[in-house]
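Encoded as structure tokens, the structure appears first; notes follow it.
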């Protein structure tokens, strides 16, 4: 097992270098740069001298390979430098958003898991009954409805319903406060994006739970368990459900990693100051340093999540051994 | 408070200050207290006003600073009404043949860290803007080309000596980005310090900035204007999406957004909230231009450029586009409400401004045929921003189709768009815009000169340059106005080197309990917030 862990950790290094090369050069293929955008982007008088000063200041006038070496060295020493747009340390900027994105990802995962596993199991156990059809319709709707659209509908619904009921329109807070500072404010802001994204996320997991459980329920050992006279509840919970969780855990893990940096539109709809919004802003601002750091962070999250998913396999299925 | 009575005051009586909702409000006694929450649709690059150019910085940071002079917040629609902020009394008149301005500095003003303000702080600030040391960016250095020297005869006097008299100086000085810094900060911490730190003499003290989230300020008890500010503090909440800003006002998470909403958003808010919403509207000192690239054939031919401007139905466009976009006013090279701007009678004489659009289009087709370019194809570069770029761009495509021009619109995000406009120059016609803060026509109209750093049409027009040279030095109001008409006719009609589409129109719906804020013709102005109070 320890050999396997070491091998997986070492494999992360070329993955990260590859991602670093890709993001570094792809960003520079986009025409324009942060200085031009900053000075020309508002249509005011543009002084070329000022743009040149800005480029020199940020180091983007240096040869490409020097900039790349600087970036990779910074990455491996955990010094990402400063944002080219705000001038603030990148780790500080990311740190501010990380806690919000992590909380939304955790809440959405809880929402998704709470919905998906019971519904998927019911759907499989009651296959081809009205209950199964209802769950399937619910989950297909979840896949079909974009979470940002659902988010917009939630906000509009809240505004309209509260105005109808109380005369005063209410919407979720638009500024973040950590849960330990103001739990009511925090939850009333983050529960809605968690529901909007968790629903879509649950839809995929529900479908996966259903199909995996159906497959397991047809296995010989389930038939044997039933033939031995075990009660159905134990057959399902102890023997079938646990063994059908392998693909579900994979889906949940990958979705969790995606939520950490991929809630680009939903974060904008709910005005969440998370990593997805920072990602969009840094790309539109041509903030190379920030974009590179964010890509590396997301790659790292994916690599680590996959690593933990693989470890979870061994716990879920003792037949799996890493040697 | 004094009206700037220079030569631009010639027609202060001319209908100025649209501010439809602003003037109607009844005078009320301001109440003190409360926190103003407002939403900002752009990001803060840094806190340094001297090097930044965006309202994303002005809206949250301006309340921490004072200026030497400012646009009168009680009358911001008047482009000639300036008042002292850190200077004493009235804005001074020029002496020595219009080349010397002497400002008396207020006594007893303190920076937020307790340092007393003296003329040395004004000089250090203006030196940084006008004569920045090598390697120090100053976005508005070009505004002060006329300044020869800045001196401080004593602790409370600052003298600006100009190389030549110019009406552009006072408006340039009132630019809201000219934050007054403490000399001590500049000396001790360097020229970069203000990018991430705040120490001003403004009505609010900086509390915190959470990047991407909000900026918070609290009332400065020792503010130099007695009884101000009325607010206990403010919070500027970042909200890049317009829908969020709109819903934030509807749900009372924010009381106001200072940049402006399109007409539909205004109507939605009014429909939902009725009299809980007040709407202020004004002409906006921003204009969208269609810039023909004269480095490419056949756009080096004036007939082709004239055809393009003749094909645009500006009066009709104003009527219909103003219902869906933040554009409305038909105008020439000068902000439409300025005394120097063309009247309608003057405008209709220009090519493309006639009210008979069919006659204009017939002339356009004839010009294209004469030039041998009937069925012209145009590669039209546009910026990927909805309001108003894509709306106006799509309208232009349709307008030009009516004179037989086949236009391919190429929409790109801001970065690549500016790369195309400024560096690659691989476009036939491009959208461009001119958006200024203080209305400063003499400076603003340089945009139409081929030699201007921000003109991307790629042409030389010595005659236009000669007219501008005369404008810069003309002191007689009537002669100045005539010269501006010559400049406008040459630029927009005879040569059609610049094509003005429509001027923007600012619409600010806000919670009715927000009082004291009057709409200005620019989203950069009147943002110090010392005049704002909450009627709750």
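Chains as they are written, first to last, in my numbering: chain A, 1 to 323; chain B, 1 to 536.
Built from N, CA and C at the ideal position, the CB exists for glycine as well.
May I have the straight-line CA-CA distance separating residue 210(A) from residue 26(A), to the nearest angstrom? 40 Å
Could you have a look at residue 510(B) and say whether DSSP puts it in helix, strand or coil? strand
Through-space distance from residue 439(B) to residue 339(B), alpha-carbon basis: 11 Å
What residues from the stretch 239-269 of chain B come within 8 Å of chain A, judged by C-beta to C-beta, listed N to C? 239, 240, 241, 243, 244, 247, 248, 250, 251, 252, 253, 254
Mind pulling the chain A residues with CB within less than 7 Å of residue 210(B)? 96
How far does the alpha helix (DSSP H) with residue 281(B) in it extend, from its first residue to its last? Element bounds for residue 281(B): not the alpha helix (DSSP H) but the beta strand (DSSP E), 277-292.
Contact set between the stretch 117-140 of chain B and chain A, restricted to residues whose Cβ is under 8 Å from the partner: 135, 136, 137, 138, 139, 140
Where DSSP assigns a beta bridge to residue 36(B), which residues make up the other side? 234(B)
One question on the structure: do residue 309(B) and residue 318(B) come within less than 8 Å of each other, judged by their Cβ atoms? no
Look at the alpha carbon of residue 129(A) and the alpha carbon of residue 201(A), and state the distance between them as a whole number of angstroms. 24 Å
At 8 Å on the CB atoms, spell out the chain A contacts of residue 491(B), in chain order. Ordered by position in chain A, no residue passes the 8 Å Cβ test against residue 491(B), which lies about 17 Å from the chain.
When you check each C-beta in the stretch 403-417 of chain B against every C-beta of chain A, which residues fall closer than 9 Å? 412, 413, 414, 415, 416, 417
Contact set for residue 174(B): own chain, Cβ-Cβ below 6 Å, skip 5 residues either direction: 69, 70, 71, 82, 438
Below 8 Å on the Cβ atoms is my guess for residue 489(B) versus residue 289(B); work out the distance and round it to an integer in Å. No, residue 489(B) and residue 289(B) are not in contact; Cβ-Cβ is about 17 Å, not under 8 Å.
Cβ neighbour criterion (16 or more within 10 Å) applied to residue 344(B): exposed
For the stretch 161-179 of chain A, which residues have a beta carbon sitting closer than 9 Å to at least one beta carbon of chain B? 162, 163, 168, 169, 170, 171, 172, 173, 174, 175, 176
Under DSSP, the beta strand (DSSP E) around residue 50(A) begins and ends at which residues? Unbroken run through residue 50(A) is the alpha helix (DSSP H), 48-58; no beta strand (DSSP E).
Count the other CB atoms within 10 Å of the CB of residue 395(B); is the residue buried (16 or more) or exposed (fewer)? buried
When the cut-off is 8 Å and only beta carbons count, does residue 185(A) lie next to chain B? no
Give me whichever residues DSSP pairs with residue 329(B) in a beta bridge. 503(B)
Just checking: is the beta-carbon of residue 86(A) within a distance shorter than 8 Å of some beta-carbon in chain B? yes
Would the stretch 246-264 of chain A count as touching the stretch 203-221 of chain A if we require 3 or more Cβ pairs under 8 Å? yes
If we count Cβ pairs, one from each stretch, closer than 8 Å, do we get three or more for the stretch 390-408 of chain B versus the stretch 355-374 of chain B? yes
At least 3 beta-carbon pairs within less than 8 Å: the stretch 183-203 of chain A vs the stretch 108-124 of chain A: yes
Contact defined as beta carbons within less than 8 Å: I believe residue 378(B) pairs with residue 429(B). What is the distance between those atoms, to the nearest angstrom? 6 Å
Would you mind working out which of 224(A), 221(A), 256(A), 50(A) sits nearest residue 133(B), comparing C-alpha positions? 50(A)
For residue 95(B), which of 281(B), 167(B), 227(B), 111(B) has the nearest alpha-carbon? 167(B)
Given a cut-off of 8 Å on the beta-carbon distance, is the pair residue 336(B) and residue 503(B) in contact? yes
Whole angstroms is fine: what's the gap from residue 138(A)'s alpha carbon to residue 151(A)'s? 17 Å
Going by DSSP, which residues form a beta bridge with residue 209(B)? 215(B)
Name, please, each residue of chain A whose Cβ falls closer than 7 Å to the Cβ of residue 45(B). 38, 85, 86
Just how far apart, CA to CA, sit residue 110(B) and residue 434(B)? 36 Å
Pick from 477(B), 492(B), 530(B): whose alpha carbon is nearest that of residue 304(B)? 492(B)
Short Cβ contact (8 Å threshold) for residue 266(A) with residue 148(A): yes
According to a CB-to-CB cut-off of less than 9 Å, which residues of the stretch 143-162 of chain A neighbour chain B? 152, 155, 156, 158, 159, 160, 162
Please classify residue 315(A) as buried or exposed, where buried requires at least 16 other C-beta atoms within 10 Å of its C-beta. exposed
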